[in-house]
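Residue 3 is where the sequence shown starts when you use the numbering used here, and the numbers rise one by one after that. Every residue gets a Cβ at the ideal spot worked out from N, C-alpha and C, and that includes glycine. Predicted, not measured: the structure shown is a model, and the values here were computed from it.
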Amino acid sequence: MDQCRAAPEEGTDTINRQAVLCHRVLRTLQDTAQKSQILTVETWESLLLFLLAINEILLAPPIVKDDVGDQLCERVLSVLFEVWLLACSRCFPSPSLWKTFQESCSAWRHRIALVEQWNRVNLVLTAKLLEFTYGPAFPEMKIADEDAQLVPEGMTNDGIAQAWIRFLKILGAPTDLCSPQVISCTPQFIQAVHSGGEIKSNVFRASGGLGGLGLGAALGVVGSGSSSTIGQAGSAVGNNGGGGGVGGGAATNVGAGSGSIGTSTGSTSGANVGVSNSSFGFAYDVGIPAAAQERAAEAKRRPSSMIMDNRKGSLSQPPSLSEVNDVAPGLTIDKYESGKAEALGALCRIFCAKKTGEEILPVYLARFYMALHQGLKTNENRECMETLASILYNSSDLFRIDLEGIQVLLPSFIGALELILPEKELKMRSHNVVINKIELRRAAINVLLSLLALPLHFQALPIRDLMGGPNDRSITFIHLKPRLINILMNALQVETDPQNTHMLLGGLHLCVQDSVTFEEVENCPETMHAMHLTAESSNLLSSDALECKRAVKWICDYICYQCSRPPPAHVKDLHSTIVAAFQCTSAWLMNHPYLLQDKECLTIVLEVVELGISGSKSVGKPGEPVKYKGEKELKPASMRVRDAAENMLTMILEQIDYFPNECGKQSLSSLLDEVVLAKHSNTSGEHVGELPQEQAIKKFKYFVTENSTVLALFEEPLGNDQDPQPTVTILIRGPFGRHAWTMQLRHLSRSKSGTKYHAPNPGRPVPMNDIMMRQEVEYKYFPDSVDRIPPCIVDYSIPTLDSAEQKIGNQSTKELARLLEDQLVYEKLSWAETECSVDGLGHAQEASPPSVCHEFQAARLFLSHFGFLTIGQNNVGGQKVDGSAPLLTTLDTSKVEFCQDLKMLDKMSPRSCDTIHVFYVKAGQSNEAEIIGNMDPENLASIDRHFWKMLYTIGCPVTVQEHAGWTGFIGSSWKIPRDTASHNNEPLSKGNGAPEEWQLNGEKRVLYWADISSEMAIVVPNRNNKADVCLEDAVDGGNCCPSTTYERSVSEIQPRSSSVSSNQSSRQYSLDSESARFGSMSKSADPIPPVRRRTGASKPNTLYTAPTAKILLVWLESFEDHLTFPIDDLLHYTRAGYSAQHGPIASINASECFIIYLHALSSSLLRVKLQGPVGRMNFAIPLIDGMVVSKRVIGSLIRQTACNMAKRKRLDNDAYQPPHVRRRIKIQEMMQKYKKDLTEPEMLADLFKSSI
């Protein structure tokens, strides 16, 4: 090697031959180190010293172009670093070797290849260190495949940690790379300077050439050519909320030096800052790995920035911001832009690693803010600087972590966002920068979401100019709101990425909701003290009638377009989108019922409903004939689409402008059942006590009509009815709930009936005693004029009775004549006897009205009048001739199981139900016992009062015993409250009462919210909620049972007639059974009509409409505790009360849970973190991961997000059945189980029998 260095003037061929020889030597040394298993400690040390000597000879002198050192530079360095790593695995080098290694590298720092190899090795070691230090939950650091093999497989975690910290400091202070005076102070450089002018110019080229490399080389942006890459693996890790250790590796010791870029601070003092700053302690905490629990404890005990300098006896302070350090003339802005960008990005990641409650010296924050202020400046050409992009990539958490005074950067960040988000085509100042624009926009949106709540929160609070000065000008937070709204709206107009659009929509919802709530609070200040009043969310939909009508029309047109797409496009995702569009239309109509008063809007909506149910519209394109209902072939896009259309049709007919009904939001069904009606019947005129349901059912007659509705007919009048009219009370149990109606057969309306007079003596006149003579009268059947008309032959064609008797005389006619003669005798005797009796007409007597009739067979009257009974129309118990179900089927109520099945049907809510389980985590708590113990009575007083206020904005408190809706538990839900007099009538807690009133675990109280389509219970579990086996709530969508009924596009169809006459009575009902609906399908039709594919029995695996998603709400006092939240242990406290009788239920694991973490910032705002299954289901809005929101809107946002999470879970599940479909299947099952196979005469005769 010495000979190679001694003859630099030799020819190129000689140098190439020498280089080839050196390559062989290096390859031999590398193979020996990798394959040999007998190397001793002395041999390893000799090998490493030999490699150090080779590198020293070739690399220490200044760079001479095309010499052997220039050609072998990268090769000898890579062999040295790789063999050194191999030695760390097999025989860890001694401290003296490490010292020699470090001193040697300091003499090679003018070689760019050294920085590249150092960066390469440090990145690999950092990735390995993060993997075993923070576990798999920490974001993975992306490493190139060829570099991933640098670390030997057998290297221990302790060896990796020790090698990492030593390799990290092998180059000394990275800021020295920007100082040619420092890196050129080596004996080889001094010798070269004194050797002559040609070499002197090479010296400056060798040392000053690193100016283009800058800090970016040391921080991992060195690559081919002069281009750099922003926003790859490092930024992805830095954007994560738990990126506390991302500053490790190259970025750890470099961040302090960034002051020299933004504020021209000296490099030596900057390095001292790096040691004292709390965020740099990461490099020393992970030097020796420990168990998982010890690592968590060490993370909390990392060094603070408020440490004492023993040499000075005072708090360590960085140099003044005004200090200026000389910069080499060769360092122009275009040469160190990449290094500056990466340094600022590293600084952002380091400060974003601040933990809850951790203190940082204000002077460090001031220096940091000054650096960001300089890096966020924009030019007049509206070009994106590399530094600005790097700051946005790595500063998503800056406004979420309670950095003191961070608001002074708000105008600077808004200016940067105005440059990035509204632009469709982003212009970069340097064309050599490789940037992922979608990721950059996503990072900018993350920053925007953390700023949206600030204007209305701080309002008139001024923001001082960071630069100060005599003309110091300030603006207020509220003045920045229009700029933020403009950024949001303009970004939505140009955004093309789905995930970014989703985040922007969540931010838009937050702005609107916050503004509406703010105005309501301003207008009604007393609502701030009424905690539960905000549980009713404001109507955020537009109040402009024309705009609402236009929005509904757009959604309907969208449904029509999606349904008309060709068959290959009809996949599950398309049908899920159509179902969601129907739900959206329902929401608009519920909030704006006046739209149905508009004839055009009503026509559009009903046409879409018709399209969803039948697959086509009756009124087609202009010129096409109208298709009537009986003539259409039912071919909906899918069963899910048909179910959604039926649901919207029922909502239009029953709920719009009527919800909530007299029962309140807790129930869409009537709170009357057989027991209540039997108790209030007035048959005997006396009070009847409450009967058991088994006995009450016997008073009713049960029928099933249209294969989907159970009719329970009660013929006894109720106690509040004084009129003895034919009365029937009907309980109608259909797919959409239970309804009670009372009907009377009246000849006059109630207004015309008046008061009836039932006096015993009406005061009739005295009868006349004159006995009138009875005259014998001969009755004639024809007038006398007939006899005067001469008869003709035709008149004799019909013989007279006498002539017929004479002609056909037989024993029968003689017997008939004898009977007539006897009857005449009896009648004369009876008449004579009556004339002589007291009751005869000749005697005075008083006429009295008949007694009032109290018993009517009203059931058959109702069935007949409403078209259920038509003699001769084949109302038999079996199928009709056309194969459809009978119009009316009688049920047998004498079976024991009938009452239980009826109870189960009533337990099936027509709405979907969801539950939010709430946990409170104090700082440092990480196990089940501590977290659940927070709800113990003695610990309730220590819980943050804002936690209780937040809960009461999600739902309203209800008493479980008096509640008829969902309570979070099967056993206490969907019941009819019987007698509330004996229950506790104390007023419900408003969140500030005694500790026993804060118990919301579902035993006595729970928080509740409901709308037209869903119910939600908010439960705060305590120790009493623990279950031995954690059961999954998503039972109505599970695929663990082979008898599940679910949706597909094609399936087996029971044999049906190919056509049905249009005048069949069954065609006049829109909510028909599956068998009747598809009776008119043509087998050759395209596409094939969808039906429900049945993989077994028709009933679902469980009949209760149970929650489909496990949703947890966690309040964190310390944000970092979300990393150690024991999800699996706490799932045992979230059971809903299922048992084996409810069907097979599979267990749920932590990865399937949706978790909403809330952390209160010092500014009284709340930081949101979302955690859930990976996929589209976690795209639920309005809450977005990382969003900062106000406390006045958090309840509404949590509720809406939880509802949307559950809806997405249901839409994504093939096996999910809507509640009304489950009820319909249960009714069909009951009909098959309890129907009476009666003929038509037998069924009519059965109606005349009394119920009991």
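Next on the checklist: Count Cβ pairs between the segment 999-1019 and the segment 946-957 that sit closer than 8 Å; are there 3 or more?
Outcome noted: The segment 999-1019 vs the segment 946-957: in contact.
Next on the checklist: Quick check on the burial criterion: 16 or more other C-beta atoms within 10 angstroms. Buried or exposed for Gly236?
Outcome noted: If you number the sequence shown from 1, residue 236 lands on position 234. Here the model assigns Gly236 a pLDDT of 40, short of 50, so the residue's position is not dependable and the matter cannot be decided.
Checklist entry - What first and last residue would you give for the alpha helix (DSSP H) that runs through Gly509? => result On the sequence shown, residue 509 is found 507 positions in, with the first residue counted as 1. Residues Pro500 to Asn525.
Next on the checklist: Assuming Glu718 and Ala698 are in contact, meaning their beta carbons sit under 8 Å apart, how far apart are those beta carbons, in whole angstroms?
Outcome noted: In the sequence shown, residue 718 corresponds to position 716, counting from 1. In the sequence shown, residue 698 corresponds to position 696, counting from 1. In fact, because the Cβ distance is near 11 Å, the residues do not count as touching under 8 Å.
Next on the checklist: Beta-carbon within less than 6 Å of Lys429's beta-carbon, same chain only, minus the 5 sequence neighbours each way: which residues are those?
Outcome noted: Here the question's residue 429 lines up with position 427 in the sequence shown. For Lys429, the CB contacts under 6 Å within the same chain, skipping 5 residues up- and downstream, are Glu385 in chain order.
Item to check | Cβ separation of Leu412 and Cys350, assumed to be a contact under 8 Å, to the nearest whole Å | outcome: In the sequence shown, the residue the question calls residue 412 occupies position 410. In the sequence shown, the residue the question calls residue 350 occupies position 348. Contact doesn't hold; Cβ gap of about 16 Å is too wide.
Checklist entry - Run through DSSP, which three-state label would Asp33 get? => result Here residue 33 refers to the residue found at position 31 of the sequence shown. Annotated three-state conformation of Asp33 is helix, per DSSP.
Next on the checklist: Give the list of continuous alpha helix (DSSP H) stretches no shorter than 4 residues that lie fully inside the segment 120-181.
Outcome noted: Counting only runs of 4+ residues, the alpha helix (DSSP H) found wholly inside the segment 120-181 occupies 159-170, in chain order.
Checklist entry - What do you reckon, are the CB atoms on Val1261 and Leu893 nearer than 8 Å? => result Coverage of the chain is limited to positions 3 through 1254, which leaves residue 1261 absent and any answer about it impossible.
Checklist entry - For Gly377, which three-state DSSP category applies? => result Residue numbering aside, residue 377 sits at position 375 when the sequence shown is read from its first letter. Here Gly377 sits in helix by DSSP.
Item to check | Same chain only: Cβ atoms within 7 Å of Glu930, ignoring 5 sequence neighbours per side | outcome: As a position in the sequence shown, residue 930 is number 928, starting the count at 1. Pro1128, Asp1131 and Leu1132.
Item to check | Cβ neighbour criterion (16 or more within 10 Å) applied to Glu420 | outcome: Here residue 420 refers to the residue found at position 418 when the sequence shown is read from its first residue. Burial state of Glu420 is buried, judged by a 10 Å Cβ sphere holding 16 or more other Cβ atoms.
Checklist entry - Should Val712 be flagged as near chain C, meaning a C-beta pair shorter than 8 Å? => result Looking for chain C here will not work: only one protein chain is present.
Checklist entry - DSSP puts Pro569 in a beta bridge; with which residues? => result For the purposes of this step, residue 569 is taken as residue 567 along the sequence shown, with counting starting at 1. DSSP lists no partner for Pro569.
Next on the checklist: Does Pro464 come out as helix, strand or coil in the three-state DSSP assignment?
Outcome noted: What you label residue 464 is simply residue 462 of the sequence shown in a count that begins at 1. DSSP, read as helix, strand or coil, puts Pro464 in strand.
Next on the checklist: Helix, strand or coil, according to DSSP, for Lys1006 in the structure here?
Outcome noted: As a first step, residue 1006 must be located in the sequence shown, where it is residue number 1004. Of the three classes helix, strand and coil, the one that applies to Lys1006 here is coil, per DSSP.
Item to check | Contact belief for Phe870 with Leu889 at Cβ below 8 Å, rounded distance in angstroms | outcome: One-based indexing of the sequence shown puts residue 870 at position 868. One-based indexing of the sequence shown puts residue 889 at position 887. Under the criterion of beta carbons closer than 8 Å, Phe870 and Leu889 qualify as touching, at roughly 6 Å.
Item to check | Rounded C-alpha distance that separates Pro694 from Leu713 | outcome: In the sequence shown, counting from the first residue as 1, residue 694 sits at position 692. In the sequence shown, counting from the first residue as 1, residue 713 sits at position 711. The straight-line gap separating the alpha-carbon atoms of Pro694 and Leu713 is approximately 20 Å.
Next on the checklist: Please state whether the Cβ-Cβ distance between Ile393 and Leu405 is less than 8 Å.
Outcome noted: The residue given as residue 393 occupies position 391 in the sequence shown. The residue given as residue 405 occupies position 403 in the sequence shown. Using a Cβ distance threshold of 8 Å, Ile393 and Leu405 do not count as a contacting pair.
Checklist entry - Mind checking His749: buried by the 16 CB within 10 Å criterion, or exposed? => result For the purposes of this step, residue 749 is identified with residue 747 of the sequence shown, where counting begins at 1. Exposed, by the Cβ-count rule.
Next on the checklist: According to DSSP, simplified to helix, strand and coil, what is Arg642?
Outcome noted: Against the sequence shown, residue 642 aligns to sequence position 640. The three-state secondary structure of Arg642, taken from DSSP, is helix.
Checklist entry - Thinking just about the alpha-carbon of each residue, which of Ala1019, Met906, Arg947 and Thr836 is nearest to the one in Asp916? => result Here residue 916 refers to the residue found at position 914 of the sequence shown. Looking at the Cα atoms, Ala1019 is the closest of the given residues.
Next on the checklist: Please tell me whether Ala966 and Ser669 are closer than 8 Å, where the distance is taken between their beta carbons.
Outcome noted: Counting from one through the sequence shown, the residue named residue 966 turns up at place 964. Counting from one through the sequence shown, the residue named residue 669 turns up at place 667. Yes, the pair counts as a contact, with Cβ atoms nearer than the cut-off.
Checklist entry - Anyone know if the C-beta pair for Gly508 and Pro1184 falls short of 8 Å? => result Taking the first residue of the sequence shown as 1, we reach residue 508 at position 506. Taking the first residue of the sequence shown as 1, we reach residue 1184 at position 1182. The criterion of a C-beta distance shorter than 8 Å is satisfied by Gly508 and Pro1184.
Item to check | Sheet register partners of Glu1283 (DSSP bridge) | outcome: Absent from the structure is residue 1283, since the part of the chain shown begins at 3 and ends at 1254.
Item to check | Rounded C-alpha distance that separates Gln409 from Ile465 | outcome: Along the sequence shown, one-based indexing puts residue 409 at 407. Along the sequence shown, one-based indexing puts residue 465 at 463. Taken atom to atom, the span from the alpha-carbon of Gln409 to that of Ile465 is near 7 Å.
Checklist entry - Taking Val923 as the reference, which of Trp743, Phe949 and Arg485 has the closest Cα? => result On the sequence shown, residue 923 is found 921 positions in, with the first residue counted as 1. Considering only alpha carbons, the answer is Phe949.
Checklist entry - How far does the beta strand (DSSP E) with Leu735 in it reach, from first residue to last? => result Translated into the one-based positions of the sequence shown, residue 735 becomes position 733. The identity of residue 735 in the sequence shown is Arg, whereas the question assumes Leu. Where Arg735 is concerned, the enclosing beta strand (DSSP E) stretches over Thr729 to Gly736.
Checklist entry - Looking at the unbroken alpha helix (DSSP H) that takes in Cys1286, where does it start and where does it end? => result One cannot answer for residue 1286 here, as it falls past the ends of the chain, which runs 3 to 1254.
Checklist entry - Between Lys1237 and the rest of its own chain, which residues show a CB-CB distance below 8 Å, the 5 nearest in sequence each way excluded? => result The count along the sequence shown starts at 1 and reaches residue 1237 at position 1235. Once the five neighbours on either side are set aside, the close Cβ partners of Lys1237 are Val706, Gly879, Thr891, Thr892, Leu893 and Asp894.
Checklist entry - Can you name the start and end residues of the alpha helix (DSSP H) that Gln777 belongs to? => result In the sequence shown, residue 777 corresponds to position 775, counting from 1. Taken as a continuous stretch (DSSP letters only), Gln777 belongs to no alpha helix (DSSP H), as it is neither H nor E.
Checklist entry - Under 8 Å between the Cβ atoms of Leu1167 and Val1190? => result Sequence index remark: in the sequence shown, residue 1167 carries index 1165 (1-based). Sequence index remark: in the sequence shown, residue 1190 carries index 1188 (1-based). Closer than 8 Å, so yes.
Item to check | Proximal residues to Glu609 (C-beta, below 6 Å), its chain only, five neighbours per side dropped | outcome: Along the sequence shown, read from residue 1 onward, the residue named residue 609 stands at position 607. When the five nearest sequence neighbours on each side are left out, the beta carbons in the same chain lying within less than 6 Å of the beta carbon of Glu609 are those of Lys619, in order along the chain.
Checklist entry - Would the beta-carbon of Cys1155 fall within 8 Å of that of Lys1211? => result Working through the sequence shown from its first residue, we reach residue 1155 at position 1153. Working through the sequence shown from its first residue, we reach residue 1211 at position 1209. Their beta carbons are not under 8 Å apart, which means Cys1155 does not touch Lys1211 by this criterion.
Checklist entry - Helix, strand or coil: how does DSSP classify Ser866 here? => result For this step, residue 866 is matched to residue 864 along the sequence shown. Helix.
Next on the checklist: Along the chain, where does the alpha helix (DSSP H) containing Ala589 start, and where does it finish?
Outcome noted: If you number the sequence shown from 1, residue 589 lands on position 587. From DSSP, the alpha helix (DSSP H) with Ala589 extends over Lys574 to Asn593.
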